[in-house]
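Okay, so the sequence shown: first residue is -1 according to my numbering, each after it adds one.
Note that CB positions come from ideal geometry on N, CA and C, so glycine has one too.
So the structure is just underneath, and the comments pick up after that.
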Amino acid sequence: MNKYDELINKQQKEFNAFPMAFAYSQEQFKEGLLKLGLNENDDDKVVAISAGGFIRKTDLQNFRDLTNRLEKELDDAIKADTTGTGFIYDMFVSELFNHEYAYTYDLEETLSALAITNKDLEQNKALKNGLKLAIEHVLSGED
(Lines of atoms letter the chains of each structure in order from A and count residues from 1; the text may use other names and numbers.)
(Lines give C-alpha, C1' and ligand atoms only; values in the text may rest on other atoms or scores of the structure.)
Protein backbone atom coordinates (compact mmCIF):
# COMPACT_ATOMS: atom_id res chain seq x y z
CA MET A 1 0.00 0.00 0.00
CA ASN A 2 0.99 3.60 -0.52
CA LYS A 3 3.02 4.72 2.54
CA TYR A 4 1.61 8.25 2.41
CA ASP A 5 -1.98 6.97 2.36
CA GLU A 6 -1.20 4.67 5.30
CA LEU A 7 0.14 7.56 7.37
CA ILE A 8 -2.69 9.93 6.42
CA ASN A 9 -5.34 7.28 7.19
CA LYS A 10 -3.74 6.52 10.56
CA GLN A 11 -3.54 10.21 11.40
CA GLN A 12 -7.11 10.86 10.27
CA LYS A 13 -8.40 8.12 12.59
CA GLU A 14 -6.45 9.59 15.47
CA PHE A 15 -7.68 13.11 14.70
CA ASN A 16 -11.28 11.94 14.36
CA ALA A 17 -11.07 10.25 17.78
CA PHE A 18 -10.26 13.57 19.46
CA PRO A 19 -13.27 15.00 21.34
CA MET A 20 -14.56 17.75 19.08
CA ALA A 21 -17.77 18.86 17.46
CA PHE A 22 -18.77 20.82 14.37
CA ALA A 23 -21.68 23.20 14.08
CA TYR A 24 -23.15 25.27 11.29
CA SER A 25 -26.31 26.27 13.14
CA GLN A 26 -27.30 27.09 16.70
CA GLU A 27 -29.04 23.71 17.01
CA GLN A 28 -25.87 21.85 15.91
CA PHE A 29 -23.85 23.93 18.36
CA LYS A 30 -26.11 22.89 21.24
CA GLU A 31 -25.84 19.24 20.14
CA GLY A 32 -22.06 19.59 19.96
CA LEU A 33 -21.90 20.94 23.49
CA LEU A 34 -23.82 17.91 24.72
CA LYS A 35 -21.55 15.59 22.73
CA LEU A 36 -18.58 17.15 24.54
CA GLY A 37 -20.19 16.48 27.92
CA LEU A 38 -21.27 20.07 28.46
CA ASN A 39 -24.70 21.58 28.73
CA GLU A 40 -26.19 24.03 26.27
CA ASN A 41 -25.29 27.06 28.40
CA ASP A 42 -21.57 26.16 28.55
CA ASP A 43 -20.60 28.06 25.40
CA ASP A 44 -17.91 29.84 27.43
CA LYS A 45 -16.16 26.49 27.99
CA VAL A 46 -15.35 25.83 24.31
CA VAL A 47 -12.97 27.29 21.76
CA ALA A 48 -13.22 27.30 17.95
CA ILE A 49 -10.62 25.30 16.05
CA SER A 50 -11.56 25.82 12.38
CA ALA A 51 -14.18 25.04 9.76
CA GLY A 52 -17.01 25.18 12.27
CA GLY A 53 -15.21 22.92 14.72
CA PHE A 54 -14.87 23.46 18.44
CA ILE A 55 -13.37 21.72 21.45
CA ARG A 56 -13.46 22.12 25.21
CA LYS A 57 -11.05 24.81 26.38
CA THR A 58 -9.60 22.27 28.80
CA ASP A 59 -8.58 20.14 25.77
CA LEU A 60 -6.83 22.96 23.90
CA GLN A 61 -3.27 21.99 24.85
CA ASN A 62 -3.92 18.32 24.05
CA PHE A 63 -5.32 19.40 20.67
CA ARG A 64 -2.24 21.52 19.96
CA ASP A 65 0.02 18.64 21.00
CA LEU A 66 -1.87 16.26 18.72
CA THR A 67 -1.77 18.52 15.66
CA ASN A 68 1.91 19.34 16.22
CA ARG A 69 2.79 15.65 16.54
CA LEU A 70 0.85 14.72 13.39
CA GLU A 71 2.58 17.49 11.46
CA LYS A 72 5.97 16.32 12.75
CA GLU A 73 5.22 12.72 11.71
CA LEU A 74 4.54 13.89 8.18
CA ASP A 75 7.63 16.13 8.11
CA ASP A 76 9.79 13.31 9.46
CA ALA A 77 8.51 10.87 6.83
CA ILE A 78 9.32 13.38 4.10
CA LYS A 79 12.80 14.06 5.49
CA ALA A 80 13.53 10.33 5.79
CA ASP A 81 13.03 9.86 2.04
CA THR A 82 16.33 11.28 0.82
CA THR A 83 15.86 10.23 -2.81
CA GLY A 84 12.18 11.00 -3.35
CA THR A 85 11.47 7.46 -4.50
CA GLY A 86 9.62 6.26 -1.40
CA PHE A 87 7.30 8.25 0.83
CA ILE A 88 7.64 11.46 -1.20
CA TYR A 89 6.78 9.65 -4.42
CA ASP A 90 3.74 8.03 -2.77
CA MET A 91 2.70 11.42 -1.36
CA PHE A 92 2.80 13.13 -4.73
CA VAL A 93 1.07 10.24 -6.54
CA SER A 94 -1.81 10.35 -4.04
CA GLU A 95 -2.21 14.10 -4.12
CA LEU A 96 -1.83 14.37 -7.90
CA PHE A 97 -4.65 11.83 -8.26
CA ASN A 98 -6.70 13.59 -5.56
CA HIS A 99 -6.42 16.89 -7.43
CA GLU A 100 -6.97 15.34 -10.89
CA TYR A 101 -3.61 16.39 -12.30
CA ALA A 102 -3.99 14.03 -15.27
CA TYR A 103 -6.94 16.17 -16.43
CA THR A 104 -5.87 19.65 -15.38
CA TYR A 105 -2.06 19.53 -15.64
CA ASP A 106 -2.18 22.09 -12.81
CA LEU A 107 0.17 21.49 -9.88
CA GLU A 108 -1.08 24.41 -7.81
CA GLU A 109 -3.78 22.52 -5.88
CA THR A 110 -1.50 19.57 -5.18
CA LEU A 111 1.35 21.74 -3.92
CA SER A 112 -1.03 23.89 -1.90
CA ALA A 113 -2.60 20.84 -0.23
CA LEU A 114 0.87 19.73 0.82
CA ALA A 115 2.04 23.25 1.76
CA ILE A 116 4.96 22.87 -0.65
CA THR A 117 6.19 25.86 -2.63
CA ASN A 118 8.12 26.03 -5.88
CA LYS A 119 11.04 27.28 -3.77
CA ASP A 120 10.81 24.09 -1.65
CA LEU A 121 11.01 22.02 -4.84
CA GLU A 122 14.07 23.91 -6.06
CA GLN A 123 15.85 23.58 -2.72
CA ASN A 124 15.02 19.93 -2.04
CA LYS A 125 16.22 17.43 -4.65
CA ALA A 126 14.23 14.59 -3.12
CA LEU A 127 10.97 16.56 -3.40
CA LYS A 128 11.77 17.56 -6.95
CA ASN A 129 12.64 13.99 -7.97
CA GLY A 130 9.60 12.51 -6.23
CA LEU A 131 7.31 14.97 -7.98
CA LYS A 132 8.88 14.27 -11.38
CA LEU A 133 8.48 10.50 -10.94
CA ALA A 134 4.93 10.87 -9.61
CA ILE A 135 3.89 13.04 -12.56
CA GLU A 136 5.29 10.43 -14.95
CA HIS A 137 3.31 7.73 -13.12
CA VAL A 138 0.05 9.69 -13.06
CA LEU A 139 0.30 10.61 -16.72
CA SER A 140 1.12 7.02 -17.70
CA GLY A 141 -2.46 6.06 -16.81
CA GLU A 142 -1.35 3.41 -14.31
CA ASP A 143 -3.16 3.16 -11.02
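- request: Kindly indicate the opening and closing residues of the beta strand (DSSP E) around residue 46.
  value: Position 48 of the sequence shown, counted from the start, is the residue given in the question as residue 46. Residue 46: member of the beta strand (DSSP E) spanning 44 to 46, first to last residue.
message: Taking a contact to mean a Cβ-Cβ separation below 8 Å, would you say residue 17 touches residue 53 in this structure?
response: Within the sequence shown, numbered from 1, the residue matching residue 17 stands at position 19. Within the sequence shown, numbered from 1, the residue matching residue 53 stands at position 55. A contact, by the Cβ cut-off of 8 Å.
query: Terminal residues of the continuous alpha helix (DSSP H) containing residue 51?
result: Position 53 of the sequence shown, counted from the start, is the residue given in the question as residue 51. Taken as a continuous stretch (DSSP letters only), residue 51 belongs to no alpha helix (DSSP H), being part of the beta strand (DSSP E) at 51 to 54.
Residue 125 vs residue 118 beta-carbon contact at 8 Å: Start at 1 with the first residue of the sequence shown, and residue 125 comes out as number 127. Start at 1 with the first residue of the sequence shown, and residue 118 comes out as number 120. Cβ atoms of residue 125 and residue 118: closer than 8 Å.
task: Under 8 Å Cβ to Cβ from residue 20, same chain only, skipping five residues before and after it: list those, please.
output: Stepping through the sequence shown from its first residue, residue 20 is reached at position 22. Answer for residue 20: 26, 30, 49, 50, 51 and 52, listed in chain order.
message: Can you list, in chain order, the residues of its chain with a C-beta nearer than 7 Å to that of residue 45? Leave out the 5 residues immediately preceding and following it.
response: Here residue 45 refers to the residue found at position 47 of the sequence shown. Its chain contains 52, 53, 55 and 58 as the residues whose beta carbon lies nearer than 7 Å to that of residue 45, once the 5 sequence neighbours on both sides are disregarded; these appear in chain order.
query: Which first and last residues belong to the alpha helix (DSSP H) in which residue 88 is found?
result: Residue 88 sits at position 90 when you count from the first residue of the sequence shown. Taken as a continuous stretch (DSSP letters only), the alpha helix (DSSP H) holding residue 88 covers 85 to 96.
- prompt: CB residue 112 to CB residue 93, shorter than 8 Å?
  reply: As a working mapping, residue 112 is identified with position 114 in the sequence shown. As a working mapping, residue 93 is identified with position 95 in the sequence shown. At a Cβ-Cβ threshold of 8 Å, residue 112 and residue 93 count as neighbours.
query: Looking at the structure shown, is residue 78 part of a helix, part of a strand, or coil, going by DSSP?
result: For the purposes of this step, residue 78 is taken as residue 80 along the sequence shown, with counting starting at 1. Looking at residue 78 - three-state DSSP - the assignment turns out to be helix.
- request: Using DSSP bridges, identify the partner residues of residue 19.
  value: As a first step, residue 19 is located in the sequence shown; it is residue number 21 there, counting from the start. Its beta-bridge partners are 52.
message: I'd like to check one pair, residue 2 with residue 88: are the Cβ atoms closer than 8 Å?
response: As a position in the sequence shown, residue 88 is number 90, starting the count at 1. As a position in the sequence shown, residue 2 is number 4, starting the count at 1. Result yes, Cβ atoms of residue 88 and residue 2 sit closer than 8 Å.
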